[in-house]
Amino acid sequence: MVTHDLIRGLKKIKKNEPFQRFTNSYLKLFGSINLKSLIFYMSLFNSIITSILPIMPKWFAKPFAKPYVAGKTEDDAVTHIRTLNEKGFSATVDILGEHVLTKEEARDITAQYCHLYDRINTESLNCNLSIKPTHVGLNISLAEAMANFTNLTKKAQEHGNFLRIDMENSPFTNQTFEIYQHCKTIYNNVGVVIQSYLHRSLNDINHLANGQFNSRICKGIYRESESIAYQGREEIKENYLNLSKAMAVQKAYSGFATHDQDLIDQLLHWIESENISKDLFEFQVLYGVPMEGRLEALLEAGYKVRVYVPYGPDWFDYSVRRLKENPKIISYVLKNFFRKR
Ligand SMILES: Cc1cc2nc3c(=O)[nH]c(=O)nc-3n(C[C@H](O)[C@H](O)[C@H](O)COP(=O)(O)OP(=O)(O)OC[C@H]3O[C@@H](n4cnc5c(N)ncnc54)[C@H](O)[C@@H]3O)c2cc1C
26 MVTHDLIRGL
36 KKIKKNEPFQ
46 RFTNSYLKLF
56 GSINLKSLIF
66 YMSLFNSIIT
76 SILPIMPKWF
86 AKPFAKPYVA
96 GKTEDDAVTH
106 IRTLNEKGFS
116 ATVDILGEHV
126 LTKEEARDIT
136 AQYCHLYDRI
146 NTESLNCNLS
156 IKPTHVGLNI
166 SLAEAMANFT
176 NLTKKAQEHG
186 NFLRIDMENS
196 PFTNQTFEIY
206 QHCKTIYNNV
216 GVVIQSYLHR
226 SLNDINHLAN
236 GQFNSRICKG
246 IYRESESIAY
256 QGREEIKENY
266 LNLSKAMAVQ
276 KAYSGFATHD
286 QDLIDQLLHW
296 IESENISKDL
306 FEFQVLYGVP
316 MEGRLEALLE
326 AGYKVRVYVP
336 YGPDWFDYSV
346 RRLKENPKII
356 SYVLKNFFRK
366 R
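Each position in the sequence shown, counted from 1, maps to that position plus 25 in our numbering.
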């Protein structure tokens, strides 16, 4: 089945010739082997691609990044957001990048985000911002990030918009919650992210959540050690559901961020059987991840769906870092690439 999809998908590639040449060799190599070996070779392939990607030309990385990035410029992002809004989706926008090393860069990114708030307001877009703390200075110092988030919070307040503080890897978790709590003293419409792979997350919800708490719930994208994080898919999922329930008990607002169809089924089963108010949650997905009609079905059933839209000139470094952090994304991309869009 997978081999069949691969072959069908490869035949459809018409545009990117260098990539087509590359994938044709891939097809020749893998076309004749059975499914078990294919899985083994796919994971080997993931590791090889991840290691060579940084030294490969950009045309090679582009197919891996393109479906998931809404262009290089603010104008590109705005065009995509408007289209999403017209289809009934809300959006949250992210300028690609993280771990900036100079104050000038952190402040420049902050200014770009402030401009985005102005633009969202002027163009009446249904869109808020999702910002990584290290993108606006947390890797430089907590004080730098605090100062920039203070400006961002005031800008969100000026336009009555919302600010989501993304969650990065565990060395930044405590400081991110500190920033969140600081921003909340300025303006209420600020939210954070809880990762279900972290052992600490239920405690964090119990500590932070109340009727004013707004958190995205996600599994977590970074590699974390087993001393602090669940490693098994099922336990991460089980914790996801427990955290979602804990949020509802506190009457806190959840953004259920996942593409996992089975998890969405389980969430819907719980939501419907417990009659959880639609005012207490929304579903969230990353731009470009194929969901096979699920998002439209959710909208039709009256649920809110927000799409996370990343854009920016930094797409290459971002994609390489993402792929290094989670080589499985190579398989996602290839699988999705080969799937009928
Ligand atoms: C809106 C949103 C915001 C997020 N914000 C954060 C954050 O702030 N901090 C953080 O640590 N993590 C964040 N994540 C990532 C999240 O933690 C997971 O790592 C990611 O969503 C994969 O988990 P999953 O629940 O989708 O399930 P999985 O079982 O991993 O994926 C289910 C299926 O979805 C597809 N898929 C999943 N992820 C991708 C992808 N990146 N590209 C292509 N296809 C994919 C694959 O086909 C896969 O089979 C966010 C995710 C979303 C949707």
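All residues carry an ideal CB built from backbone N, CA and C; glycine is no exception.
Through-space distance from Ser240 to Val217, alpha-carbon basis: 5 angstroms
Other residues of its chain near Met316: CB distance less than 7 angstroms, five sequence neighbours each side excluded: His284, Val310
Short of 8 angstroms in beta carbon distance, which residues of its chain neighbour Thr108, apart from the five on each side in sequence? Order them along the chain. none
contact_flag[the region 322-333, the region 246-255] where n(CB pairs < 8 angstroms) is 3 or more: no
Can you list, in chain order, the stretches of the beta strand (DSSP E) that have 3 or more residues and sit fully within the region 108-195? 115-120, 152-156, 188-190
Three-state secondary structure (DSSP) at Lys365? For Lys365, the predicted model reports a pLDDT of 42, less than 50, meaning its position is unreliable and no value from the coordinates is stated.
Please return the same chain residues whose Cβ sits closer than 6 angstroms to the Cβ of Lys37, not counting the five positions on each side in sequence. Residue placement at Lys37 cannot be trusted, given a pLDDT of 46 that sits under 50; what the coordinates show is reported in the next sentence. Excluding positions up to five away in sequence, the list is empty.
As a quick exercise: from Glu299, Tyr138, Asn264, pick the residue whose alpha carbon is nearest that of Asn186. Tyr138
Glu263 lies in the alpha helix (DSSP H); which residues open and close that run? 258-274
Which stretch, first to last residue, makes up the alpha helix (DSSP H) that contains Glu307? Premise fails: Glu307 lies in the beta strand (DSSP E), 306-311, not in any alpha helix (DSSP H).
For Ile134 and Ile120, which I take to be in contact (beta-carbon distance under 8 angstroms), what is that distance rounded to the nearest angstrom? 6 angstroms
Nearest candidate by alpha-carbon position, reference Gly245, set Arg225, Phe306, Phe238: Arg225
With Ala282 as the anchor, note down where its beta strand (DSSP E) starts and where it stops. 278-282
Kindly list the residues whose CB is nearer than 6 angstroms to the CB of Ala116, restricted to its own chain and excluding five residues on each side of it in sequence; keep chain order. Ile106, Leu109, Cys152, Val332, Val334
Going by the CB atoms, is the gap between Phe341 and Lys83 shorter than 7 angstroms? yes
Can you give me the C-alpha to C-alpha distance between His232 and Asn194, rounded to a whole angstrom? 20 angstroms
What is the DSSP secondary structure of Ile289, reduced to helix, strand or coil? helix
Between which two residues does the beta strand (DSSP E) harbouring Tyr205 extend? No beta strand (DSSP E) contains Tyr205, which is instead part of the alpha helix (DSSP H) from 198-211.
Separation of Ile219 from Leu292, as counted between CA atoms: 16 angstroms
What does the alpha-carbon distance come out to for the pair Met171 and Ile211? 12 angstroms
Among all the DSSP beta bridges, which residues are the ones paired with Tyr333? Thr117, Leu311
Here's the rule I'm using: 16 or more other beta-carbon atoms within 10 Å means buried, otherwise exposed. How should Lys39 be labelled? Its pLDDT being 43, under 50, Lys39 is placed unreliably in this model, and the value from its coordinates should be taken loosely. Lys39 should be labelled exposed.
Please determine whether the Cβ atom of Val94 lies at a distance below 6 angstroms from any heavy atom of ligand 1. no
With DSSP run on the structure shown, which of helix, strand or coil describes Val218? strand
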